[in-house]
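Participant:
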Amino acid sequence: MSLTAQLVARIRASGPLTVADYMAEALLHPTFGYYTTRDPLGTDFTTAPEISQMFGELLGLCLAQTWLDQGRPRATLAELGPGRGTLMADLLRATHAVPGFHDAVSVHLVEASPTLRTVQADTLQGYTPTWHTSLESLPPGPLLLVANEFLDALPVRQYVRDGPAWREKLVSEAGGTLTFALGLPMAQPHLSHQEVPDGTLVEHCPALPDTVTAIAARVTQGGAALFVDYGHWRSQGDTLQALRSGRPVDPLENPGQADLTAHVDFEAIARAAPPTRVSAMVTQGLLLERLGITARAQALAHNVGDDARAALTQAHRRLTHPAQMGDLFKAMALVPPGADLPPGFDP
Ligand code: SAH
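To convert, count from 1 in the sequence shown and add 1482; that's our numbering.
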């Protein structure tokens, strides 16, 4: 039985699904889920750490500087959704140069996919990471956390403004095919800050506030959390996107076969982050330039052949240029109340 057939049977038995329920099944269903069944990186999509080692190195040194600024505490070094483990490997390699850092931290990975856990174990040979299914089981105390393209995989609900109320966009079925439908108008007090015209669609990620609050509770005791993802300040319409082999496809077609994401609402991160100090939202391009990507690219380009130098130039451009990932991707940092912001995030 395919996932479509299972979902159709479920809708017939108990009514339409929210878009969030649908996303959760398509991404993480134990048998058919997109992430549970494959390593999609490099085939369906690529990410900043897969484009260049410079990304993980610079974020690693950024976290290590925060650790130095805070007096070198013992800390949990954690990543949410580590993919192939590339970012963590680059971070750990770069921070070998920071005396005492590796002795002070223990490595923890929050990963739902058994397939990707195997890849991560391979990439991080020589380290001894602890895996977690959810961040609730991360050790208490100071936390140095990084999450790149993790929040965009958290399921979103979608609502269309209808006068003073909202109609939720739902996943229904017609003749065995999944289709979108609208629910009845209802009040949604958590959307009261969304002053948008009638007919406008807004997204809300129910898991995001709890995720950020749980991280903030630990960061309050020390450390920092760095979030990098594609998104904006406040939800900007329908951003549910399905990618298969690098191409956009219908999000309701073949659930479990395509990556499903939605843009991250950075305002929602900032709202859930107190009592931690929250940085401004900065673009990925600006952050990486402030962290010294140009100097790092030049250092790596020293003494390599023409092809390798061209690849470095291209990677630098891809990560930072406004027309590529530089502007669409944003970053935000949380630190304990009163602490200095990590380098690159200071105003
Ligand atoms: N950070 C990596 C991978 C991004 S892809 C990179 O930048 O290359 C998203 C990652 O989050 C994958 O590792 C996926 O398996 C994981 N993931 C998605 N939803 C998750 C959830 N609810 N809990 C834990 N991990 C999740």
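For every residue, glycine included, the Cβ atom is placed at its ideal position computed from N, Cα and C.
From which residue to which residue does the alpha helix (DSSP H) around D1437 run?
Facilitator: The structure shown does not extend to residue 1437, since the chain spans only 1483 to 1829, so no value can be given for it.
Participant: Who pairs with A1629 in a beta bridge, going by DSSP?
Facilitator: Within the sequence shown, the letter at position 147 stands for residue 1629. In the DSSP output, where bridge partners are listed per residue, A1629 has F1709.
Participant: What does the alpha-carbon distance come out to for the pair L1625 and H1784?
Facilitator: Along the sequence shown, one-based indexing puts residue 1625 at 143. Along the sequence shown, one-based indexing puts residue 1784 at 302. Going by the C-alpha atoms only, they are around 35 Å apart.
Participant: Per DSSP, Y1504 is paired with what?
Facilitator: Within the sequence shown, residue 1504 is the residue found at index 22, counting from 1. Answer by DSSP bridge pairing: none, since Y1504 is not bridged.
Participant: Using CA coordinates, which residue listed in R1799, D1809, V1580 is at the minimum distance from M1536?
Facilitator: As a first step, residue 1536 must be located in the sequence shown, where it is residue number 54. Residue R1799 is the option with its Cα nearest to M1536.
Participant: Please tell me whether V1589 and P1611 are closer than 7 Å, where the distance is taken between their beta carbons.
Facilitator: Residue numbering aside, residue 1589 sits at position 107 when the sequence shown is read from its first letter. Residue numbering aside, residue 1611 sits at position 129 when the sequence shown is read from its first letter. The answer is yes: Cβ separation under 7 Å.
Participant: Would you kindly report the start and end of the unbroken alpha helix (DSSP H) that includes R1700?
Facilitator: Position 218 of the sequence shown, counted from the first residue, corresponds to residue 1700. 1689 to 1701 is the extent of the alpha helix (DSSP H) around R1700.
Participant: Just reading off the alpha helix (DSSP H) that H1590 is part of, what are its end residues?
Facilitator: Here residue 1590 refers to the residue found at position 108 when the sequence shown is read from its first residue. H1590 -> not in any alpha helix (DSSP H); beta strand (DSSP E) instead, spanning 1587 to 1592.
Participant: Please state whether DSSP places D1634 in a helix, a strand or coil.
Facilitator: Residue mapping note: residue 1634 aligns to position 152 of the sequence shown, counting from 1. Helix, per DSSP.
Participant: Give the single residue among D1551, L1617, T1605 whose Cα lies nearest to the Cα of T1558.
Facilitator: Mapped onto the sequence shown, residue 1558 falls at position 76. Comparing Cα-Cα distances from T1558 to each of D1551, L1617, T1605, the minimum goes to L1617.
Participant: Leaving out the 5 sequence neighbours to the left and right, which residues in its chain are closer than 8 Å to R1759 when beta-carbon positions are compared?
Facilitator: The residue given as residue 1759 occupies position 277 in the sequence shown. The answer, listed in chain order, is L1816, V1817, P1818, P1819, G1820, A1821, L1823.
Participant: Hey, out of D1720, A1647, T1682, whose CA is closest to M1668's CA?
Facilitator: Along the sequence shown, one-based indexing puts residue 1668 at 186. For M1668, the closest of D1720, A1647, T1682 by C-alpha to C-alpha distance is A1647.
Participant: On the premise that Q1640 lies in contact with V1501, defined as a C-beta separation below 8 Å, what is that separation, rounded to the nearest angstrom?
Facilitator: Looking up residue 1501 in the sequence shown gives position 19. Looking up residue 1640 in the sequence shown gives position 158. Rounded, the Cβ-Cβ distance is 5 Å, consistent with contact.
Participant: Does the distance from the C-beta atom of T1529 to that of E1631 stay below 7 Å?
Facilitator: Numbered from 1 along the sequence shown, position 47 holds the residue referred to as residue 1529. Numbered from 1 along the sequence shown, position 149 holds the residue referred to as residue 1631. In this structure, E1631 lies closer than 7 Å to T1529 by Cβ.
Participant: Drop a sphere of 10 angstroms on the beta-carbon of R1575, count the other beta-carbons inside from all chains shown, and report buried for 16 or more, exposed for fewer.
Facilitator: Position 93 of the sequence shown, counted from the start, is the residue given in the question as residue 1575. Exposed, since its Cβ has fewer than 16 Cβ neighbours within 10 Å.
Participant: Please classify F1827: does DSSP put it in a helix, a strand, or coil?
Facilitator: Working through the sequence shown from its first residue, we reach residue 1827 at position 345. In this structure, F1827 counts as coil in the three-state DSSP scheme.
Participant: DSSP state of A1647, grouped into three classes?
Facilitator: Reading the sequence shown from its first residue, position 165 is the one you call residue 1647. A1647 falls in the strand class under three-state DSSP.
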